[in-house]
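Asker:
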Amino acid sequence: HQTYDELKELIDHIGKIHDQFRPKRSHEHQLLLNTLDRLVKSLNEECQKDVKFDYKNLEGSTIPFQRRLLIRDILVQLIRNSMYHGIESKDERKALKKPEKARITVSGYAEDNAYIIHYEDDGRGLDTKKLLDKARESGIWPKKEIDSWNDDQICETIFHAGISTAEKVSITAGRGIGMNIIKKKLDKIGGEISVLTEPNQSTRFEILIPLAQEVVKADS
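The sequence shown begins at 2 in this note's numbering and counts up one residue at a time.
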C-alpha cells in the first residue's frame, strides 16, 4: 500500500513539473481570447451597447498553464462589471461627448516571475461617493478611519464582500459582486490587484499573478 501511495505521489509530482514546463499550446490561448470576445459580443447585444474589445497586447505564449483558468475567471468578471456597470449607454456617452463606441483594453505580459495584466474600460469610472456611503453603511471600518480615506482607498473597498454600487444586487450587477472572490483567489497565491479610476473617463485594474510558486514546490 505504502509503495503504491509513494508511486502515485511521484507520478503527481512529475505531472506537476511536466505541466509547468510543457510546450505552450497556442490553441489554448486562442480559446481563451475567443471566449472573452464572445462574452463581449453577447453582452453588447444584451445591454444594447457598442463596445470594442481590444486584446492584441495580451501575450498568450507567456500565460502560465496553471493560471489560465484564474486569468479567465478574473477577466470574465471584469468584463461583466464593465459591460453591466462601468460603460454608459450610447445616449449617455453622446451626452458626455464621448466616442459612441466604447472600449475595453486588456494587455498581459510576463515579467520577473510574474504575469502582469492591465485591464481598462473607458466608462463612467467608480462612483466614489456611493462607495463611501456603502462603506459607512457596512460597519466594516471605524467611522474615523473612513473619514481619513483618499479616493484610492475608497476605490479599494470594491474588493470587500457586500460593497457594491449596484442599485439592485443580482448575479450580473455590481462592481463589488465577485471582486472580493477575485481578491481572495489572488491573496491565496500571493497575487495582487489594484484599481485606479477617473470620473467619466475610465476604470483601470492592474493584476499581478506570481508564476514561480509551483517550481519552488516541485524542487523542494
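Here a beta-carbon is modelled for each residue, glycine too, at the ideal position from N, C-alpha and C.
So residue 125 and residue 87 are supposed to be a Cβ contact under 8 Å. How far apart are they, rounded?
Answerer: Confirmed, Cβ separation roughly 6 Å.
Asker: Which of the three DSSP states is assigned to residue 97 in this structure?
Answerer: Reduced to three states, the DSSP call for residue 97 is coil.
Asker: Considering only C-alpha positions, which residue in the set 14, 185, 119, 84 is nearest to residue 43?
Answerer: Checking every option, the nearest Cα to that of residue 43 belongs to 84.
Asker: Does DSSP put residue 70 in a helix, in a strand, or in coil?
Answerer: Of the three classes helix, strand and coil, the one that applies to residue 70 here is helix, per DSSP.
Asker: Select from 96, 155, 140, 67 the residue whose C-alpha is nearest the C-alpha of residue 196.
Answerer: Comparing Cα-Cα distances from residue 196 to each of 96, 155, 140, 67, the minimum goes to 155.
Asker: Considering only residues of the segment 81-163, which uninterrupted beta strand (DSSP E) runs meet the minimum length of 3 residues and lie entirely inside it, listed in chain order?
Answerer: Listed in chain order, the complete beta strand (DSSP E) runs (minimum 3 residues) inside the segment 81-163 are 103-112, 115-122.
Asker: Around the Cβ of residue 208, are there at least 16 other Cβ atoms within 10 angstroms (buried) or fewer (exposed)?
Answerer: The residue is buried, with at least 16 neighbouring Cβ atoms inside 10 Å.
Asker: If you drop the 5 nearest sequence neighbours on each side, which residues of the same chain put their C-beta closer than 6 Å to that of residue 28?
Answerer: Nothing listed; no residue qualifies.
Asker: What number of angstroms, rounded off, separates the C-alpha of residue 180 from the C-alpha of residue 188?
Answerer: Distance between the alpha carbons of residue 180 and residue 188: 12 Å.
Asker: On a CA-only basis, which of 143, 133, 141 is nearest residue 153? Give me that one, please.
Answerer: Of the listed residues, the one whose Cα sits closest to residue 153 is 133.
Asker: Figure out for me which residue from 198, 164, 185, 212 has the closest Cα to the Cα of residue 74.
Answerer: Ranking 198, 164, 185, 212 by Cα distance to residue 74 puts 185 first.
Asker: Closest to residue 148 by C-alpha separation, out of 33, 129, 50, would be which residue?
Answerer: Residue 148 has its Cα closest to that of 129, out of 33, 129, 50.
Asker: Report buried or exposed for residue 103, applying the criterion of at least 16 other Cβ atoms within 10 angstroms of its Cβ.
Answerer: Buried is the call here.
Asker: For residue 109, which residues in the same chain have their Cβ closer than 8 Å to its Cβ, ignoring the five residues on either side in sequence?
Answerer: Contacts found: 58, 59, 60, 63, 64, 72, 116, 117, 118, 119.
Asker: Nearest by alpha-carbon distance to residue 101: which of 127, 80, 69, 51 is it?
Answerer: When each option's Cα is compared against that of residue 101, the closest is 51.
Asker: When burial is assigned at 16 or more other CB atoms within 10 Å of the CB, is residue 114 buried or exposed?
Answerer: Exposed.
Asker: Could you check the C-alpha separation between residue 36 and residue 70 for me, to the nearest Å?
Answerer: Roughly 12 Å separates the two Cα atoms.
Asker: On the DSSP bridge list, what partners appear for residue 41?
Answerer: Note: residue 41 sits in no beta bridge, so no partner.
Asker: Under the assumption that residue 158 contacts residue 136 (Cβ atoms under 8 Å), give the Cβ distance between them as a whole number of angstroms.
Answerer: Indeed, because the Cβ distance is near 5 Å, the residues count as touching under 8 Å.
Asker: Buried or exposed, going by whether 16 or more other CB atoms sit within 10 Å of the CB of residue 177?
Answerer: Here residue 177 scores only 44 on pLDDT, less than 50, and its place in the model is too uncertain to base an answer on.
Asker: With a CB to CB cut of under 8 Å and the five nearest residues on each side skipped, what residues in its chain are close to residue 49?
Answerer: Same-chain partners within the cutoff: 90, 91.
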